[in-house]
Ligand code: KG4
Ligand code: ZN
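In the working numbering, the protein residues as written are 4 to 361.
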């Protein structure tokens, strides 16, 4: 493989990720320092705590990423960094660090949209992975994370048309809130998946918000329904003490029912969108794409229609530097350069006017 060697930095939320990626595809190194344990204590992310943790970890993560790849900053062609969307304080740490590296080592700086990173994770290849075909355009991508849930059509590189998005909570947010309701701790997504895998009874039915006629999603009603269903189950089990938790069997049954509801809506809409735009492949990304039930369900529905599905391995679905390197290389190849005045854009949308929004 050839192409630019990009040093990429991701610090938009609660993972400090730095990677070295070649040609927008081949991972040379990809180091992630996760703050999950830190935020588990507070049951969610406290922005200032997250920003300070980035400050603490960014230098050791860089050292490890360079050592793993066997390069120095002088060997890379560009420094890419997430500049939005995300938490302002967290973004500022990565952006300022990237600016310093670019300035000191006289390398171009590339600003990358975090959501574009989740999309471009589909192009990544692990260090020893055999070459494989790239996703074919036009494609439909479903990006589901803790902060975002949307369906987008890509007719070419860096060219997006938003088909639908959540009108309230993101899918990952729903997983995290229902995880908390079930006493499973933070983050709720992986915990709900683990609980659901142990479900023997699979009778609990959770509602689905179809929002007919659109590719939009809504998960706030599901969250409210989950609260009602959990309260009902607590009464059935005679739990008066608010600290008492449901039996493992009931927790598993409810986790399974909730996960089915989310996966059902996401998969049905993604497939319908792919059919409507005549997509030649489907991409799944974002932290919730690590969910095995969602992956399996989308894989079987796509397979039934002869549509290739590209889903990065779970570690590349959750936030990481490599995905920023993949997207950054495309922006670099397109001639984009960020100035040293690059600022954090906490609410940056995916489709910037200059890059193919229709
Ligand atoms: O993409 P990501 O790492 O960060 C954001 O950009 O938001 O996504 C984090 C989200 C969290 O809400 C987490 O609960 C969810 O992804 N998640 C999962 C799983 N692993 C992570 N949700 C369901 N099943 C999983 N296995
Ligand atoms: Zn993310």
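Glycine residues also receive a C-beta, built at the ideal position from the N, C-alpha and C atoms. The model shown is predicted, which means the values in this text are computed figures rather than measured ones.
Separation of residue j from residue i, as counted between CA atoms
| i | j | result |
| --- | --- | --- |
| residue 115 | residue 333 | 10 Å |
| residue 149 | residue 207 | 24 Å |
| residue 238 | residue 320 | 38 Å |
| residue 227 | residue 110 | 50 Å |
| residue 84 | residue 20 | 10 Å |
| residue 166 | residue 246 | 42 Å |
| residue 23 | residue 65 | 10 Å |
| residue 58 | residue 99 | 11 Å |
| residue 357 | residue 268 | Any reading at residue 357 must be qualified, since the residue scores a pLDDT of 38, below 50, and its modelled position is unreliable; no value is offered. |
| residue 94 | residue 129 | 26 Å |
| residue 335 | residue 283 | 26 Å |
| residue 25 | residue 162 | 22 Å |
| residue 289 | residue 174 | 10 Å |
| residue 359 | residue 287 | Note that residue 359 scores a pLDDT of 34, beneath 50, so its modelled location is shaky and nothing firm can be said. |
| residue 126 | residue 108 | 28 Å |
| residue 171 | residue 221 | 6 Å |
| residue 67 | residue 351 | 29 Å |
| residue 354 | residue 123 | 14 Å |
| residue 185 | residue 194 | 10 Å |
Bridge partners - residue i, DSSP secondary structure assignment
| i | result |
| --- | --- |
| residue 145 | 154 and 287 |
| residue 18 | 37 |
| residue 168 | 153 |
| residue 159 | 162 |
| residue 313 | 286 |
| residue 29 | 25 and 128 |
| residue 220 | 169 |
Own chain, CB closer than 8 Å to residue i, minus 5 neighbours either side, in chain order
| i | result |
| --- | --- |
| residue 343 | 102, 105, 106 and 112 |
| residue 18 | 35, 36, 37, 38, 321, 322 and 323 |
| residue 250 | 240 |
Neighbourhood of residue i by C-beta distance below 7 Å, restricted to the same chain and skipping five residues each side
| i | result |
| --- | --- |
| residue 160 | 333 |
| residue 43 | 188 and 189 |
Neighbourhood of residue i by C-beta, 6 Å cutoff - its chain only, sequence neighbours within 5 removed
| i | result |
| --- | --- |
| residue 340 | 111 |
| residue 285 | 143, 277, 305, 310 and 312 |
Residue-chain proximity (residue i, chain D), Cβ-Cβ < 8 Å
| i | result |
| --- | --- |
| residue 133 | Protein chains in the displayed structure number just one, and chain D is not present. |
For residue i, the nearest candidate out of the options (CA to CA)
| i | options | result |
| --- | --- | --- |
| residue 151 | 291, 328 and 330 | 291 |
| residue 136 | 312, 354 and 13 | 312 |
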